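Scroll down for the structure; my scribbles are underneath it.
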């Protein structure tokens, strides 16, 4: 070890005696400082403008560090390989060209000690090389409010590992050739190959597996984002060891006459052994993880983890079906399978490794769809498939005729779109791709669909039908279908694991197994026996949501009065261009009713405003043990009133008339939430004086479409997987202060280091 340390210190001295090393340190620091402060300058400009524009500016909601990782750190990594190639191109061949290697060979020093000593010297240099970047990251910790230091320091760890990896490769190639430029070029080429290897040959299974093991791009990215895993750390350690062993083999072949085939065999054995260890360290279930982010944003959401804990370890089989003729077809091609497994399934494999993957590529066209036949006139479906496969550069033999598949009719119901069949024991469910969402389902969709495999009974929202109520299966402007039953829609209830059904009280009572009843704006009055059946459902503790529209309050009035709620006659008017449209606000109670709405607590200016096309106000009192709280309110003002009578949209503009019974109140309640204990269950009921704000045509209903349903299902479903907003949303400094800091960091500090380096080198030269 003493010899290794002596060689390391000698190498470190040689590096600092070289102007190239000082140039590398300064250039890398200055480039990073420019990237760093230019980005923070844009952030400060946006923050200054935002604070001037609104009182409750929420900052960078995604988090400053996360945004910095996407933009600034790319610049940090962009030039590391160039500087490392310059530093390492002469580590060993410099000794060969100077003849000093012979002195090492003649002394009792092993090849291992030479290589490890040289490499240890470069590692020590890398610590100094990254001091400037460390200074920038520490500055980031200081100037960002609520920053979390470990998240910043993982960027430094990633840079350090990558620099040492590059150094090992450069050291090996410096032992291969006496020409430093050639060594630098080969070093750069290997960097490039290991960085981009996943872009080539991914259609071949074996090559895809090998390239996954050799590539460092995703491994580096995970560390940079704050996720430390044994797989990624062992990858860098093992790959560094491989190139150091290569260098030892090379020095031994130069020092001792060994047949080339034996040397080649040694290289092959080392490569194979390292590759095997990388493979074993990458097996799901064998990997240790540590998420260093403050909000655990690199880890599967706890609610989804709870779902996986309910599986008993039996295999989950996932079959991806890809139709050659449909949207997202390329996502299922062999060259995209690494992205599919690592991008979608990696976080699930971390907690449940027993997942088996299968792929079915087929071609099929919906019955009656003639678009493809018009595009390829005179061709049959098999010929069209061959032409389409040729366009995509894939083999036609990969694709089967859809009609040959056992589950053809299931796929037909899904319009032959990209879909995953997930099977567990004797159950199966289909997880759909998401239109407009990239392709693969979001975590909230995945968690909801996985619950279908483990729960004893279905979870459903039942909509009342038979009296022209709004339908969960129609997609007109007034109905509810888009966000309840529409498939391939990220915000749809059915794609979040909740079924949708309709129910009638015309001939029978509401069944006991109904979990949430929705009565949405009936147009025809209920018979007394039907009202009695609804009342019995409520009295035995059933959860419900009632949507009332102006002009039809009387239909549900008998039911609501028993709950202590009255939908006032008339409709709200506002003295504005669209008089019948009013803006409600979610109350603080509403914003805590489900995890989905907790996200909007930080966005009072953006997240809790609602537009009501036609609405009435509610009056209420607590009866029969109910606790009642308003969840949507409008503050009273001189321009807003409750208009009695009938409003005709195309007539003259209405005006407030006290004589006609119009009312102006201090506040108007659009919706209330009620709860009480019935036996061992908490009964929950919502009453709203508007139905349009939950309809297909509502303005951004994604804010609310599941909020009320979730609360009505006692917050058990959907399975929410939303992460809380990051805390690091604000800067402590403004733009002027940042500009002053930039002068110091980009100009003053490099100038000081430059003059110190010049003085050091001149003094060394004189000696």
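Numbering (this note's numbering), first residue to last: 1422 to 2188. All residues carry an ideal CB built from backbone N, CA and C; glycine is no exception. It should be emphasised that the depicted structure is a prediction, and the values quoted were computed from it without experimental measurement.
The C-beta distance from residue 2010 to residue 2053 rounds to 10 Å, too long to meet the 8 Å contact threshold. Contact annotation: residue 2102 and residue 1962 have beta-carbon atoms nearer than 8 Å.
Our two residues, residue 1726 and residue 1426, have alpha carbons roughly 47 Å apart in a direct line. Per DSSP, the beta bridge partners of residue 2088 are 2056. Per DSSP, residue 1426 lies in no beta strand (DSSP E); the unbroken alpha helix (DSSP H) holding it starts and ends at 1423 to 1437. Closest option to residue 2109, judged by alpha-carbon separation, among 1515, 1483, 1967: 1967. Leaving aside the five residues that flank residue 1472 on each side, the residues in its chain whose CB is nearer than 6 Å to its CB run, in chain order, 1478. One alpha carbon belongs to residue 1514, the other to residue 1439, and they sit about 15 Å apart.
With respect to residue 1970, residue 2039 sits apart: the two C-beta atoms are not nearer than 8 Å. Boundaries of the beta strand (DSSP E) harbouring residue 1742: 1737 to 1744, taken from the DSSP string.
By a beta-carbon distance limit of 8 Å, residue 1820 does not contact residue 1786. Their separation comes to about 13 Å. Taken atom to atom, the span from the alpha-carbon of residue 1935 to that of residue 1703 is near 46 Å. Only buried fits residue 2150, as 16 or more other CB atoms lie within 10 angstroms of its CB.
The three-state reading of DSSP puts residue 1842 in strand, counting E and B together. Residue 2040 sits in a strand when the DSSP states are folded into three classes. For residue 2143, the secondary structure class from DSSP, reduced to helix, strand or coil, is coil. Residues 1562, 2149 of the same chain have their beta carbon placed closer than 6 Å to that of residue 1568, with the five preceding and five following residues left out of the count. Judged by DSSP in its simplified three-state form, residue 1726 adopts helix. Residue 1489 has its alpha-carbon roughly 11 Å from the corresponding atom of residue 1645.
Around the CB of residue 1707, fewer than 16 other CB atoms lie within 10 Å, so the residue is classed as exposed. Taking C-alpha positions only, residue 1660 is separated from residue 1581 by approximately 14 Å. Here residue 2144 is not near residue 1993, since their CB atoms are 8 Å or more apart. A distance below 8 Å between beta-carbons, with the five flanking residues on each side excluded, links residue 1547 to the following residues of its chain, in chain order: 1581, 1584, 1585, 1588. If you draw a straight line from the Cα of residue 1777 to the Cα of residue 1737, it comes to about 6 Å.
The Cβ-Cβ distance between residue 2079 and residue 2048 does not fall below 8 Å. In this structure residue 1881 touches residue 1921 by the C-beta definition: roughly 7 Å separates them, less than 8 Å. By the beta-carbon neighbour count (other beta carbons within 10 angstroms, threshold 16), residue 2094 is buried.
Here the C-alpha atom of residue 1728 lies approximately 10 Å from the C-alpha atom of residue 1874. In this structure, residue 1695 and residue 1534 do not form a Cβ contact; the two beta carbons are roughly 21 Å apart against a cut-off of 8 Å. Boundaries of the alpha helix (DSSP H) around residue 2132: 2128 to 2133. Using a Cβ-Cβ distance cut-off of 8 Å, the segment 2125 to 2140 and the segment 1921 to 1932 are not in contact, since fewer than three pairs of beta carbons, one from each stretch, lie closer than that value.
DSSP, reduced to helix, strand and coil, places residue 1778 within a strand of the structure shown.
Across the structure, residue 2045 and residue 1959 are spaced so that their CA atoms are roughly 12 Å apart. The beta strand (DSSP E) runs lying completely inside the segment 1630 to 1709 and spanning 3 residues or more are 1648 to 1650, given in chain order.
Among the bridge pairs identified by DSSP, residue 1993 is matched with 2063. In this structure, residue 1843 lies away from residue 1760, with their beta-carbon atoms at least 8 Å apart.
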